[in-house]
Structure formats: C-alpha cells, structure tokens
Amino acid sequence: MPRAAALALLLATATACANDVPEADWSRGLLPDHITEQGGLVTTLWNGAWIAALATGAVVIVLIVWASLFHRKRRAKAELPPQVRYNLPIEMLYTLIPLVMVSVFFFFTARDSNTLTQVKGDATVKVKVEAYQWSWRFTTTVNGKTLKPVAGMPVSDYRQGPQLVLPVKSKVEFDLSTDDVIHSFWVPEFLFKRDVIPGIPEGNPGRKFEINTLDKPGVYAGRCAELCGVDHSRMLFSVKLVPQAEFDQYVQTQAGSAQ
Ligand SMILES: [Cu+2]
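Note that our numbering has the sequence shown beginning at 131, numbered continuously upward.
Right, dumping it as structure tokens:
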C-alpha cells in the first residue's frame, strides 16, 4: 500500500511539472509556436524538409508499386528481361538525381544555419549567460548599463527558476559561458539551442548568438539540454517577454552598481 501511495504521488507531481511543455500542433509541423524571427526561419526549413522528404517518399512508393504490378515475371517466359547495364544516360540519371536532391537540402540548410549563427554585435540588449551545476546566472546589459545578475538554484518548476526578462520586438545577444561541464541553453520557443562549453575564450563568436524577439509577451520555460549531472533536469529557468515600456521600468528597478 505505501508503494501504491508513493507511485500515486510520483504520478501527481510528474503531471504537475508537465505544464512547461509547449503546445505543438500539426499546422506548424509539431513545433512550438516560435517567439523569435529566427524561429520562423527554422519552422520554414523544418517544414520544407518534411515536404521534400514526403514528396520523394511518395514518388518512390509509386514507382515500387508500379514496377511490382506491371513488371512482374510472366509465368510463360523464363528468359531474362532486357538488361540496362552500361546504359550511360540511365546511369547518369541515377547519379545526378540524388546529387541534385542532396545539393538542394544542403543549400537551404547551409544558408539558414549561416543566418542563425550570424552575430552582428549591434544588439541593444546583451545577456551574459553563465551555466553551472545546476542552474544559470543571467547578467543583462542594456545600452551599456549592466543590471543586477539573476542567479538560480535547481528547481522542479520553471517558474521558480531564474527569470530572464527581455523586451518584445528587440534584438538580443547571448554570450554563453561555464566553468564546470558542458551544458546546453535551450528555450523551446526559440527553436534553437546552443551548447555551453567550458574553455571558449571571451569574445569568441562560437559562444554567442542573436535573436530578434517577436511581439509575443509571455513567460516561456527554458532548460538545460545536455546531461550535465545529477540535477540536470532541475536546471529550469524562464524567459519573460514584456512590452518595451514594462522592460524600461524593469531596467530602472534592476540597475546594479553604476559602471
Ligand atoms: Cu546543465
């Protein structure tokens, strides 16, 4: 009986924590609704890749069915069907079609990943993210003014984790660092995650990325996406998108020691 009660409690808490999973529906290819311009790019690439893959699959299945229905071995004839070995045009076609397909996938993927990792450095809001075992410290700089850092502890509800407040319709630069193990900074609604690797020198573009927030105020769950130790699953945090006026107010109340 105590075991059943413990199980019931476990189930109850497990479902209580599940509310930070974003809604994903078929119209977006099962992705969460993105809150950054970059997320729009990812959605288009993801859905485009699925449409191309499904179209390729459909053509292949139709060809298989056609071949098996209309080119079966006739019982009356025992000899081999016409052979097409060393038929140069057909062999070139076999080689060229997959090459073209792979090139198209490669082109769009390379183009979009270039855009997603581009860091111009002209964002007005810059966030220094320090990951540690097992939480995060966010230090925001707005127009050169640094706010009090927000640091967290391991929690089981993202709303109790450290909260990063950002303005809507703004460009934000992230700079990720850690002193212990590899973590991964992930806000599902960004449709983007980036490993936080120790030892990358400051100023290296490999630890930075930029987003342009959309006009979608709200509180969004974030997590660590790289198994980093015993409390990895409790490295929860949240990103709160607020209108510009509310953000200005937040900046005033959070302004740290004058620098
Ligand atoms: Cu971690």
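C-beta atoms are modelled at their ideal positions from N, C-alpha and C, and glycine is treated no differently.
Contact between A281 and S314 fails: their C-beta atoms lie close to 19 Å from each other, not under 8 Å.
Cα atoms of A240 and R289: separation of roughly 36 Å, rounded to the nearest angstrom. The beta strand (DSSP E) runs of length 3 or more contained entirely in the segment 282 to 306 are, from start to end of the chain, 293 to 297. The C-beta separation of F322 from V151 comes to about 17 Å, leaving the pair out of contact by the 8 Å criterion. Residue state for T254 is assigned as coil, using DSSP reduced to three classes. By the neighbour-count criterion, in which a residue is buried when 16 or more other Cβ atoms sit within 10 angstroms of its Cβ, P373 is exposed. Around the CB of P331, fewer than 16 other CB atoms lie within 10 Å, so the residue is classed as exposed. Counting only the Cα atoms, L296 lies some 24 Å from D242.
Between M283 and S265, the gap from beta carbon to beta carbon is short of 7 Å.
DSSP places I181 in the uninterrupted alpha helix (DSSP H) bounded by 167 to 200. DSSP places P318 in the helix class (H, G or I) of the three-state scheme.
One alpha carbon belongs to D361, the other to I327, and they sit about 18 Å apart. Boundaries of the alpha helix (DSSP H) harbouring A375: 374 to 384, taken from the DSSP string.
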